[in-house]
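S.K.:
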Amino acid sequence: IKCSLCLLITREYLLGTILIFFYLYTMKVEFLSWNVLNCHYVYNFEVLSYNLYQLITWISVHLV
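39 is the number of the first residue of the sequence shown in this note's numbering; add one for each residue after it.
(1) Of the residues H100, V99, L90, S98, which one's Cα is nearest the Cα of Y63?
(2) Using C-beta distances below 6 Å, list every residue in its chain close to I39, excluding the 5 sequence neighbours before and after it, in chain order.
(3) So S87 packs on L52, CB below 8 Å; how close in whole Å?
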């Protein structure tokens, strides 16, 4: 059911998710500057962030 309240909640949730994503990205940058040799965790973060981006895109297309 697409009501204005549902859309408002969805947009607030998307905004929170995007803020969390950017926070994790800045944490990744700090982690990279601290330890460049840990490529395994960096790769895992890239996969996680890509999946999160796909999920945000799908939610925004189907619900907004």
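Built from N, CA and C at the ideal position, the CB exists for glycine as well.
Treat the numbers as computed from the prediction; the structure is a model and nothing was measured.
M.R.: Checking against the coordinates, here is how it stands:
(1) Looking at the Cα atoms, L90 is the closest of the given residues.
(2) Low local confidence applies: a pLDDT of 49 at I39 is under 50, so the model's placement there is unreliable, and no value is given.
(3) Their Cβ separation, rounded to whole angstroms, is 16 Å, which puts S87 and L52 out of contact at 8 Å.
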